[in-house]
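What follows is a single structure, written as structure tokens, with notes after it.
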């Protein structure tokens, strides 16, 4: 069974990141500082600190000893650990999935033109489903399918090579390899091996930031 952790970033998006960089390798520090905007630096930084803190607690080791690297297709993994992870962030949320089997996670909010995007990236049936509803129901349906598609390609490891309009989000959900969660008009999508989906997610307290 995988676990999902979600952290709200709104209060920390504009704070300077420099004092937190000591938790990262030189390579990761350079990557974080390459972002032009402070908010983007914080999204990357806190998403990684979130998953590292989860792993550190599980193995009873300091967070400094939990290192994250990327494989040849950019999928993150924990160095010298049996735990498999996936990372995601949106405008205001950091999210991660953790378990002993592979998984993929995505979190999204505030898509402006769902139909225009769906016309290019959704199946014909999915697009028609969106046309049949409007307002928040359309946005919620769109985000549900989009996060499932995103999390599925992270789970499989095929990433952007996957053609989204060939991925049947409804089938993934019905096959019990994908699931959605909803929080504050944001949507989480997660995919993993059958019968390893969590029943709920862990909303991390804002006290999390005080550890650093």
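Residue numbers (the numbering used here): 66 to 277.
Just so you know, even glycine gets a beta-carbon here, dropped at the ideal spot from N, CA and C.
Give the DSSP-derived three-state secondary structure of residue i in the structure shown.
i           : result
residue 145 : coil
residue 138 : coil
residue 100 : coil
residue 68  : strand
residue 253 : strand
residue 267 : strand
residue 152 : strand
residue 133 : strand
residue 242 : coil
residue 116 : helix
residue 248 : strand
Under 8 Å, do residue i and residue j count as touching if we go by C-beta distance?
i           : j           : result
residue 257 : residue 168 : yes
residue 115 : residue 269 : yes
residue 129 : residue 88  : yes
residue 234 : residue 191 : yes
residue 179 : residue 159 : no
residue 72  : residue 107 : no
residue 174 : residue 155 : yes
residue 165 : residue 148 : yes
residue 265 : residue 67  : no
residue 113 : residue 171 : no
residue 281 : residue 232 : Here the chain has residues from 66 to 277 only, and residue 281 is not among them.
residue 271 : residue 125 : no
Round the Cβ separation of residue i and residue j to the nearest angstrom and send it over; I've been treating them as touching at under 8 Å.
i           : j           : result
residue 188 : residue 230 : 6 Å
residue 150 : residue 163 : 5 Å
residue 133 : residue 143 : 6 Å
Who are the near neighbours of residue i in its chain, counting only those whose CB is closer than 6 Å to its CB and skipping five residues on each side?
i           : result
residue 243 : 213, 237, 256
residue 103 : 79
residue 241 : 259
Return the chain-ordered list of same chain residues with a C-beta closer than 7 Å to the C-beta of residue i, the five sequence neighbours on each side being excluded.
i           : result
residue 110 : 82, 85, 97
residue 22  : Summary: the structure shown does not reach residue 22, with the chain confined to residues 66 through 277, and so no result is reported for it.
residue 95  : none
Inset, instruction - Please specify which runs of the alpha helix (DSSP H), each continuous and at least 4 residues long, are wholly inside the stretch 162-212, giving them in chain order. - result: 179-186, 189-196
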